[in-house]
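Some notes on the structure that comes next.
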Amino acid sequence: MKQPRFPAVLFGLTLVFLLGPFVVILLSSFSADSIMRFPPSGFSLEWYQKVFNIRMFRTTFWISLKTGLAATFTALALGVPVAYALVRYSFRGKTALEVFFSSPAIVPGLVIGFSLLRFFIFVTKVPIGMGLYFGHTAILFPYAVRVVSASLRNFDPAVEEAAVSLGSTRLHTFFAVVVPNVRSGLVAAFILAFITSFNNVPISLFLTGPGVATLPIQMLVYMEYYFDPTISALSSIIIVFTILIVQGAERALGITNYL
Amino acid sequence: MAFVELAGITAGYVRDNPVLKGFHLEVGKGELLSLLGPSGCGKTTTLRTIAGFIIAQAGTVMIGGKDVTTVPPNKRNIGLVFQNYALFPHLTVFENVAYGLKRRKVERPEIRRRVADVLEMVSLTGLERRLPAQLSGGQRQRVALARSIVIEPDLLLLDEPLSNLDAKLRDEMRAELSRLQHQLNITMIYVTHDQIEALSLSSKIVVMNGGDIEQIGTPEEIYENPATPFVARFMGFDNRLVGTVTASSDSGVVVRSGESEFNCCRTRGEGLQTGDEVYLFFRPRDAVFSLEATENTLPVTVNYTNYHGSTTLYAASSGDQSIAVVMPGKPTDLSSYTKVHIPADRLIVERRPNHE
Amino acid sequence: MNQLNLKRTLTLLILPGAIFLLLFFLVPLLFVFAESFRDAEGALTLARYGEVLSDRQFRHVYLRTLKIALIVTPLAVLLGYPSAYVIVRLPVGRKSLLMSLVILPLMTSPVARTFAWIVVLGRFGIVNETLRALRLVQEPARLLYTEGAIVVGLLQLFLPIMVLTLVSALENVQDDVEEAALSLGSSRLGSFFRVLVPLSYDGLIMGVTLVFTGCITAYVTPAILGGTKVLTLATLMRLESLVLMNWEAGTVIAVVMIVTTLVLYNGLRIYRPRNL
Numbered sequence: 000m001k002q003p004r005f006p007a008v009l010f011g012l013t014l015v016f017l018l019g020p021f022v023v024i025l026l027s028s029f030s031a032d033s034i035m036r037f038p039p040s041g042f043s044l045e046w047y048q049k050v051f052n053i054r055m056f057r058t059t060f061w062i063s064l065k066t067g068l069a070a071t072f073t074a075l076a077l078g079v080p081v082a083y084a085l086v087r088y089s090f091r092g093k094t095a096l097e098v099f100f101s102s103p104a105i106v107p108g109l110v111i112g113f114s115l116l117r118f119f120i121f122v123t124k125v126p127i128g129m130g131l132y133f134g135h136t137a138i139l140f141p142y143a144v145r146v147v148s149a150s151l152r153n154f155d156p157a158v159e160e161a162a163v164s165l166g167s168t169r170l171h172t173f174f175a176v177v178v179p180n181v182r183s184g185l186v187a188a189f190i191l192a193f194i195t196s197f198n199n200v201p202i203s204l205f206l207t208g209p210g211v212a213t214l215p216i217q218m219l220v221y222m223e224y225y226f227d228p229t230i231s232a233l234s235s236i237i238i239v240f241t242i243l244i245v246q247g248a249e250r251a252l253g254i255t256n257y258l
Numbered sequence: 000m001a002f003v004e005l006a007g008i009t010a011g012y013v014r015d016n017p018v019l020k021g022f023h024l025e026v027g028k029g030e031l032l033s034l035l036g037p038s039g040c041g042k043t044t045t046l047r048t049i050a051g052f053i054i055a056q057a058g059t060v061m062i063g064g065k066d067v068t069t070v071p072p073n074k075r076n077i078g079l080v081f082q083n084y085a086l087f088p089h090l091t092v093f094e095n096v097a098y099g100l101k102r103r104k105v106e107r108p109e110i111r112r113r114v115a116d117v118l119e120m121v122s123l124t125g126l127e128r129r130l131p132a133q134l135s136g137g138q139r140q141r142v143a144l145a146r147s148i149v150i151e152p153d154l155l156l157l158d159e160p161l162s163n164l165d166a167k168l169r170d171e172m173r174a175e176l177s178r179l180q181h182q183l184n185i186t187m188i189y190v191t192h193d194q195i196e197a198l199s200l201s202s203k204i205v206v207m208n209g210g211d212i213e214q215i216g217t218p219e220e221i222y223e224n225p226a227t228p229f230v231a232r233f234m235g236f237d238n239r240l241v242g243t244v245t246a247s248s249d250s251g252v253v254v255r256s257g258e259s260e261f262n263c264c265r266t267r268g269e270g271l272q273t274g275d276e277v278y279l280f281f282r283p284r285d286a287v288f289s290l291e292a293t294e295n296t297l298p299v300t301v302n303y304t305n306y307h308g309s310t311t312l313y314a315a316s317s318g319d320q321s322i323a324v325v326m327p328g329k330p331t332d333l334s335s336y337t338k339v340h341i342p343a344d345r346l347i348v349e350r351r352p353n354h355e
Numbered sequence: 000m001n002q003l004n005l006k007r008t009l010t011l012l013i014l015p016g017a018i019f020l021l022l023f024f025l026v027p028l029l030f031v032f033a034e035s036f037r038d039a040e041g042a043l044t045l046a047r048y049g050e051v052l053s054d055r056q057f058r059h060v061y062l063r064t065l066k067i068a069l070i071v072t073p074l075a076v077l078l079g080y081p082s083a084y085v086i087v088r089l090p091v092g093r094k095s096l097l098m099s100l101v102i103l104p105l106m107t108s109p110v111a112r113t114f115a116w117i118v119v120l121g122r123f124g125i126v127n128e129t130l131r132a133l134r135l136v137q138e139p140a141r142l143l144y145t146e147g148a149i150v151v152g153l154l155q156l157f158l159p160i161m162v163l164t165l166v167s168a169l170e171n172v173q174d175d176v177e178e179a180a181l182s183l184g185s186s187r188l189g190s191f192f193r194v195l196v197p198l199s200y201d202g203l204i205m206g207v208t209l210v211f212t213g214c215i216t217a218y219v220t221p222a223i224l225g226g227t228k229v230l231t232l233a234t235l236m237r238l239e240s241l242v243l244m245n246w247e248a249g250t251v252i253a254v255v256m257i258v259t260t261l262v263l264y265n266g267l268r269i270y271r272p273r274n275l
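Okay, structure coming up:
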């Protein structure tokens, strides 16, 4: 159908609004000024150098990476069986369970982080890194369940029955027949969950402390003390990586269909 | 003794509301038995109970003299062919067919030999490396068939295997199935809602309705002598007249419907007596427009005609009852014909159920 | 599958995940909820609520948070509908590309995304420099640390969510419905309001719910663009608990936030005729 002009123009402006700031920050990261000024007075790579020289950024990057990977794997390991049960079987209390498993996405992250902190203090002896890992796993759960459910729903259960009738056990069928066919859903869930963990602030805000912080928290701390384009440079790196991942995942998996 | 025997089976998807209640069925060795009926009649539930995907709440399932009631489906050695083929999308044709053999730990050279044999049997040689997505509907159905017979199952179950194919392919696959059945002499249970499929393939047909068996018989028995109004409607006795028995003898009954009287030699419902309320069933093809006939005729007015190519359907009414008549050839002006004749042996009389 | 087997299978599949979420999600929430009704000695009390809810600053911040959500949500609808309308009409390839661009603000680190607005709205940022170049202002206008800055930042974050829900709602509307309306003499605008909007109504309500509740609970955007000058519920909660170490107040704000969210979430459900 022909695109009417008025909505198309509005959509164009919307895109400028959504993406314009990213262009601005990219440009400002190459600035030669030490205050945030636009347009910059000259070109330099100074801020990128600085990003890599600040040890806290390196340390917290690794913490974010490790936490993200561990939480994503755990959420998938626990969430995929749940998704399978919710899609393939009907039983009493199913709707309640669906609500329960999606609720970490509905309850505000800040409240979850706060509660976990209060709870861990009460229980005592939960090491701060562990608390971070548990909290991140909890909020990734809905992603794992929802995304994997969506791709399981598109997979004909008769194919599983065919495998069983040919002599497979249910478990063997799951790994030999189901997993290869919902692979793109699993990968999409992994990417979405990892990005969510890597970007998370509200949970990490409460579950980090001296020595253990994630990259976004460290960036917030840095911004409180310094106001130079270092954050621009670091943000630019993150933005470029995000663009690459999202574009790649969209080409390979159609990730926007899973959101 | 029967090869497959269901005894007192109560089974379904919801515990409190089973589809089958105390269901019995026997299938002889080498038979091709069709379970025929509309959707929701319990035919698929029966099939899935035999396959082991539904465990009966009560009753026993025997296959080859062994009680398999609680044996899981992967241990039953039953071949299963699904309506939508259910091929493994990520495996090639060869791997699809070899799947069951691998699960049975058959040696690789043997797998290659048997897969090649069965693919030749279903004329798919040369397509081994294709993925299901690269095959046509007919080819997919052949792969599904090959996959289920290569394991040399004790029993082959087919769940509406042809319903996703177009008409021409359906005829072809029907002939192929028939040939395979004779070649392999395997016991098959075939679920369908298409009476032509059931009639042309089966050695025995079981007509089901509401979880119960309406009639069991050879295709000919079912087609010619439907035992119940339901089977009659299902077998194409589409016309139904309401009437009253006015006389009865050993050779048949006389039924009055409107102003017409009909001699009927085929009655259902034991011991019909004068005064009983009945239905008269006949097929649209069995009625003829007539000028001469004086008995077994119904006064009609033709309302419209519907050209079908080799035949023409005439929609007519008689009083407040409407009937359909199918005649060979193109539509002709029948305005001078005001009667249709239905031969006595083409009419079926059924007692009208009280609640109707 | 028989009943016993089914039960065992379901238990094996669901129990590990359920225990995890119980332990690291539900129990802590209930713990905090219970804590909010207890005084230092552990006796039941509503004193903490009384203290926080009667506080003038709290009420001011709470109303401001609602006000911001009430501004952002309609703006997201206004810009989201045309965008979704355009996107669903695109051929598959271009649609996928544009969708992946639209979701970028959602996928990018919120700190990086929000920091970009500092560059745009700052004292020497692109907006102020442009205004000065056009001689519209003498002195740089204060754009950062205002409610307006928060609105802009939240709109960038939540507009993609609105577009996503509207796109999936409009995708379920058959292509020819609009053509049918046009062929029956409706104008494009008329068919939009009389046909497309009602048919994507559920998606709209879902989008409104997500955006509205999102605005109330968002933290990073108001933290960076509002700072401690323009507090919202989220930044106030962090200030009370992590900076002022006033855990009692933090607890009450947490409960207020979750209650507000759940009330909105379920309240807006009334307008959702079908279950979404």
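Chains as they are written, first to last, in numbering that gives the first Met the number 0: chain A, 0 to 258; chain B, 0 to 355; chain C, 0 to 275. Cβ atoms here follow ideal geometry from the backbone N, Cα and C, with glycine treated the same way. None of the values given here were measured: they were computed from a predicted structure.
#1: Using beta carbons (cut-off 7 Å, strictly below), is L12/C in contact with chain A?
#2: By the 7 Å beta-carbon criterion, what residues does the segment 226–238 of chain C contribute toward chain A?
#3: Anything in chain A within Cβ reach of P88/B, meaning under 8 Å, just list it in chain order.
#4: For the beta strand (DSSP E) containing S321/B, name the first residue and the last one.
#5: A161/A touches chain B at which residues, Cβ-Cβ below 7 Å?
#6: When we look at the beta-carbon of H307/B and count the other beta-carbons within 10 Å, is it buried (16 or more) or exposed?
#7: Could you check if Y270/C is buried or exposed, using at least 16 other CB atoms within 10 Å of its CB as the buried criterion?
#8: Regarding V22/A and the ligand GDP, is the C-beta to nearest heavy atom distance less than 6 Å?
#9: For F72/A, decide whether its Cβ has a neighbour in chain C, counting only Cβ atoms nearer than 7 Å.
#10: Helix, strand or coil, according to DSSP, for I13/C in the structure here?
#11: In this structure, how does DSSP classify H89/B when only helix, strand and coil are distinguished?
#12: Is it the case that the segment 194–208 of chain A contacts the segment 138–153 of chain A, given that we only count it when at least three CB pairs across the two stretches are under 8 Å?
#13: Output the boundary residues of the beta strand (DSSP E) element that contains Q214/B.
#14: So L305/A contacts chain C; which residues on that side make the cut at Cβ distance below 7 Å?
#15: Taking CB distances under 7 Å as the criterion, tell me whether R139/B reaches chain A.
#16: Does DSSP put Y336/B in a helix, in a strand, or in coil?
#17: How long is the line joining the alpha carbons of L240/B and L198/B, rounded to whole angstroms?
#18: Just to confirm before moving on: does the CB-CB distance between S316/B and T300/B stay below 7 Å?
#19: Quick one, are the C-beta atoms of L105/C and A148/C less than 7 Å apart?
#20: Checking 7 Å against the spacing of the C-beta atoms, do T266/B and V244/B come in under that value?
#21: When the Cα atoms are used, what is the spatial distance from L74/C to L126/B?
#22: Taking Cβ to Cβ, would you say R112/B is nearer than 7 Å to L123/B?
#23: Roughly how many angstroms lie between the CA atoms of I86/C and L195/C, to the nearest whole one?
#24: 7 Å is my cut-off, CB to CB: does P103/A come that close to chain C?
#25: 7 Å is my cut-off, CB to CB: does N274/C come that close to chain A?
#26: Anything in chain C within Cβ reach of E249/A, meaning under 8 Å, just list it in chain order.
#27: Whole-angstrom Cβ separation of T227/C and L243/C, contact assumed at under 8 Å?
#28: Which residue spans inside the segment 186–263 of chain B form an unbroken beta strand (DSSP E) run of at least 3?
#29: If M256/C sits next to L232/C, beta carbons under 8 Å apart, how far is it from one beta carbon to the other, in whole angstroms?
#30: So with CB distances below 7 Å, who are the chain B contacts of V176/A?
#31: So E294/B packs on N262/B, CB below 8 Å; how close in whole Å?
#32: Taking only beta-carbon positions, decide if G99/B is within less than 7 Å of chain A.
#33: Give me the Cα-Cα distance between N274/C and F51/A, rounded to the nearest whole angstrom.
#34: Could you name the residues that DSSP lists as bridge partners for Y264/C?
#35: How about V163/A and P72/B: are their beta carbons less than 7 Å apart?
#36: Between V262/C and L183/C, what straight-line distance do the alpha-carbon atoms span, to the nearest angstrom?
Put simply:
#1: yes
#2: A233, M236 and R237
#3: V158 and N180
#4: Q320 to P327
#5: L79, F81 and A85
#6: exposed
#7: exposed
#8: The ligand GDP is absent from the structure shown, which contains no ligands of any kind.
#9: no
#10: helix
#11: coil
#12: yes
#13: D211 to G216
#14: Residue coverage of chain A in this structure runs from 0 to 258, which leaves residue 305/A outside it and unanswerable.
#15: no
#16: coil
#17: 26 Å
#18: yes
#19: no
#20: no
#21: 57 Å
#22: no
#23: 14 Å
#24: yes
#25: For N274/C, the pLDDT reaches just 44, beneath the cut-off of 50, and the residue's location in the model is therefore unreliable, although a value from the coordinates is still provided. Chain A, which has no Cβ nearer than 7 Å to the Cβ of N274/C, makes this no.
#26: S95, L96, M98 and S99
#27: Incorrect: roughly 11 Å between the Cβ atoms, too far for contact.
#28: 186–191, 203–208, 211–216, 238–248, 251–256 and 259–263
#29: 6 Å
#30: F87
#31: 7 Å
#32: yes
#33: Interpretation of N274/C is limited by its pLDDT of 44, a score under 50 that renders its predicted location unreliable; the figure taken from the coordinates is listed afterwards. Roughly 50 Å between the two C-alpha positions.
#34: DSSP lists no partner for Y264/C.
#35: yes
#36: 42 Å
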